[in-house]
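Going by this note's numbering, the first residue of the sequence shown is number 325, and it counts up by one from there. We treat Cβ as the ideally placed atom computed from N, Cα and C, and that holds for glycine.
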Amino acid sequence: MRPSLAAAMAFAVFVSIACEEVPARADDANADTLRICLNEDLPPYSVRHGDTGSGYDFFISEALAKRLGRRLVVQWFESKLDEESSASIEANALLSDGRCQLLAGFPLTRDALAKPGFETARMPGFAGAKAADRRRRVTLGVLAATRPYHFAAFTVVLGSKAAERHVAGLGDLDGVSLGIEAGTFGDAILMTYGHGRLIAQITHQVPGHGELLPGLERGDYDATLLAVHRLDAYRIDHPDTKLRTTGYYFPIGFNMGFVGLTSEQGLIERANAALGDMLKEGEAAALAQSAHMTYLPPRQPDILEGITMSDLAK
Numbered sequence: 325m326r327p328s329l330a331a332a333m334a335f336a337v338f339v340s341i342a343c344e345e346v347p348a349r350a351d352d353a354n355a356d357t358l359r360i361c362l363n364e365d366l367p368p369y370s371v372r373h374g375d376t377g378s379g380y381d382f383f384i385s386e387a388l389a390k391r392l393g394r395r396l397v398v399q400w401f402e403s404k405l406d407e408e409s410s411a412s413i414e415a416n417a418l419l420s421d422g423r424c425q426l427l428a429g430f431p432l433t434r435d436a437l438a439k440p441g442f443e444t445a446r447m448p449g450f451a452g453a454k455a456a457d458r459r460r461r462v463t464l465g466v467l468a469a470t471r472p473y474h475f476a477a478f479t480v481v482l483g484s485k486a487a488e489r490h491v492a493g494l495g496d497l498d499g500v501s502l503g504i505e506a507g508t509f510g511d512a513i514l515m516t517y518g519h520g521r522l523i524a525q526i527t528h529q530v531p532g533h534g535e536l537l538p539g540l541e542r543g544d545y546d547a548t549l550l551a552v553h554r555l556d557a558y559r560i561d562h563p564d565t566k567l568r569t570t571g572y573y574f575p576i577g578f579n580m581g582f583v584g585l586t587s588e589q590g591l592i593e594r595a596n597a598a599l600g601d602m603l604k605e606g607e608a609a610a611l612a613q614s615a616h617m618t619y620l621p622p623r624q625p626d627i628l629e630g631i632t633m634s635d636l637a638k
């Protein structure tokens, strides 16, 4: 099973910070710059505001560039994240085309980092792209990851009717009405848990319509399971929300880091040293606070080997 964490990410944060947009073709060899690809609409991780940027991955990228003694140059890109797209292939295509040296906010799983099964792919839309860029194919390279800088987890969120319920595991949701977006990683967890013991309690929502948490707020169901950052986003947009977390995190989540091509191994090693210092000195956690994002430190192993159906059923 190859779940897509990126498909579950969406919320808005705005902090105006100047950055330089990469030119249409990022083929310069300027050692004074660090070219990083960031999704233009993936809050709280990265959001483009014209010539400015915000979000946790933007802040981490800026801090990394500073520690490496370079000037951050951002290549903004967009991803439709539909059933036909692959975040891993899109990242590879952008890197292989020289649009950036690193791409931030990459889920560190063995499958995502594996050598592509085909030689070429089209790129996602990116700032500065021309009509010909949407048609041409790029010869793909091999990805290599940095060390992770945070952990993306899933948590149980309770509505007002279940606000006092103690939840230390999914088994504590017996008898609780549940809402979930169909076809998501959270859906797979709830549908599989205990060999289907929660299925009769589940109401499915259409993903991408933004109705999951509003429905929980209205009392359409009493609890949900979702990526932590999505609740962070909802709280920013709805400061008076009565939704609450339980303190429980599902055991399976994803370390997030930068990814580049194996040809950038020297840069990746320098980035690893800088990220290690950022974690040790607490800078990675502090930047999450600036982005209004719940921070969880990376967990071992750095790269998740794989997820099986039996893992989800536990």
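Exercise. Do Leu482 and Asp546 have their C-beta atoms closer together than 8 Å?
Worked result: For the purposes of this step, residue 482 is identified with residue 158 of the sequence shown, where counting begins at 1. For the purposes of this step, residue 546 is identified with residue 222 of the sequence shown, where counting begins at 1. Yes, these two residues count as a Cβ contact at 8 Å.
Exercise. Among Ala598, Gly584, Leu549, which has the Cα closest to the Cα of Leu497?
Worked result: Against the sequence shown, residue 497 aligns to sequence position 173. Here the closest residue by C-alpha is Leu549.
Problem set entry | Touching by the beta-carbon criterion (3+ pairs, under 8 Å), the stretch 391-404 and the stretch 469-483 | no
For this session: Could you have a look at Ala428 and say whether DSSP puts it in helix, strand or coil?
Result: Translated into positions along the sequence shown, residue 428 becomes position 104. In the structure shown, Ala428 sits in a strand (DSSP, three-state: E or B).
Exercise. How is the beta strand (DSSP E) around Arg568 delimited, first residue to last?
Worked result: Translated into the one-based positions of the sequence shown, residue 568 becomes position 244. Looking at the DSSP string, the run of the beta strand (DSSP E) that includes Arg568 is 568-573.
Exercise. Cα-Cα, which of His474, Thr570, Ser634 is closest to Met580?
Worked result: Here residue 580 corresponds to residue number 256 of the sequence shown, with the count starting at 1. Looking at the Cα atoms, His474 is the closest of the given residues.
Exercise. Can you give the Cα-Cα distance for Asp421 and Ala477, rounded to whole angstroms?
Worked result: Position 97 of the sequence shown, counting from 1, holds the residue named residue 421. Position 153 of the sequence shown, counting from 1, holds the residue named residue 477. Each residue's Cα considered, the two are about 32 Å apart.
Problem set entry | For Leu392, three-class secondary structure by DSSP | In the sequence shown, the residue the question calls residue 392 occupies position 68. Reduced to three states, the DSSP call for Leu392 is coil.
For this session: Counting only the same chain and skipping the five closest in sequence on each side, list residues whose C-beta sits under 7 Å from that of Thr565.
Result: Here the question's residue 565 lines up with position 241 in the sequence shown. Around Thr565: Glu541, Tyr558, Arg559.
Exercise. Taking the C-alpha atoms as reference points, what is the distance between Gly452 and Ser378?
Worked result: As a first step, residue 452 must be located in the sequence shown, where it is residue number 128. As a first step, residue 378 must be located in the sequence shown, where it is residue number 54. Between Gly452 and Ser378, the C-alpha separation is close to 19 Å.
Problem set entry | Closest residue to Ile360 among Cys424, His562, Ile413 (Cα-Cα distance) | The count along the sequence shown starts at 1 and reaches residue 360 at position 36. Considering only alpha carbons, the answer is Cys424.
Exercise. Are there 16 or more other CB atoms within 10 angstroms of the CB of Ser385, so buried, or fewer, so exposed?
Worked result: Taking the sequence shown and counting its residues from 1, one reaches residue 385 at position 61. Looking at its Cβ environment, which holds 16 or more other Cβ atoms inside 10 Å, Ser385 is buried.
For this session: Throw me the rounded Cβ distance for the Glu468 and Gly584 pair, which I believe falls under 8 Å.
Result: In the sequence shown, residue 468 corresponds to position 144, counting from 1. In the sequence shown, residue 584 corresponds to position 260, counting from 1. Before going further, note that residue 468 is Ala rather than Glu in the sequence given. About 6 Å; that satisfies the 8 Å criterion.
Exercise. Buried or exposed: Thr570, going by 16 or more other Cβ atoms within 10 Å of its Cβ?
Worked result: As a position in the sequence shown, residue 570 is number 246, starting the count at 1. Label assigned to Thr570: buried.
Exercise. Would a check of beta-carbon distances place Gly429 closer than 8 Å to chain C?
Worked result: This model lacks chain C altogether, as it is built from one protein chain only.
Exercise. If we count the other Cβ atoms within 10 Å of its Cβ and call it buried at 16 or more, is Ser370 buried or exposed?
Worked result: Sequence index remark: in the sequence shown, residue 370 carries index 46 (1-based). The residue in question, Ser370, is buried, as its Cβ has 16 or more Cβ neighbours within 10 Å.
For this session: Could you say which of Val530, Leu418, Leu611 lies nearest to Val462 if we only look at CA atoms?
Result: Residue 462 sits at position 138 when you count from the first residue of the sequence shown. Out of Val530, Leu418, Leu611, Leu418 has the C-alpha closest to the C-alpha of Val462.
Problem set entry | Cβ shell of His616 (< 7 Å), same chain only, five flanking positions each side left out | As a first step, residue 616 is located in the sequence shown; it is residue number 292 there, counting from the start. Closer than 7 Å at Cβ, skipping near neighbours: Val337, Pro368, Asp556, Ile560.
For this session: With a threshold of 7 Å, establish whether the CB of Ile513 neighbours any heavy atom of the ligand NAD.
Result: Annotation note on the ligand NAD: not contained in the displayed structure, which lists no ligands.
Problem set entry | Through-space distance from Ala612 to Ala551, alpha-carbon basis | Along the sequence shown, read from residue 1 onward, the residue named residue 551 stands at position 227. Along the sequence shown, read from residue 1 onward, the residue named residue 612 stands at position 288. Roughly 15 Å between the two C-alpha positions.
For this session: Tell me, to the nearest whole angstrom, how far the beta carbon of Phe582 is from that of Leu437; I am working on the premise that it is less than 8 Å.
Result: As a first step, residue 582 must be located in the sequence shown, where it is residue number 258. As a first step, residue 437 must be located in the sequence shown, where it is residue number 113. Between Leu437 and Phe582 the Cβ distance is about 12 Å, and since that is not below 8 Å, they are no contact.
Exercise. With a CB to CB cut of under 7 Å and the five nearest residues on each side skipped, what residues in its chain are close to Thr444?
Worked result: Residue numbering aside, residue 444 sits at position 120 when the sequence shown is read from its first letter. Counting only Cβ-Cβ distances below 7 Å, and skipping sequence neighbours, we find Arg461, Val462, Thr463, Leu464.
Exercise. Do Gly518 and Leu572 come within 8 Å of each other at the CB atom, strictly closer than that value?
Worked result: The count along the sequence shown starts at 1 and reaches residue 572 at position 248. The count along the sequence shown starts at 1 and reaches residue 518 at position 194. A small fix is needed here, since residue 572 is Tyr in this sequence, not Leu. Cβ distance not < 8 Å, so Tyr572 and Gly518 don't count as in contact.
For this session: With distances taken Cα to Cα, identify the nearest neighbour of Lys604 among Pro622, Gly374, Thr618, Gln589.
Result: For the purposes of this step, residue 604 is taken as the residue at position 280 of the sequence shown. Closest by alpha carbon: Pro622.
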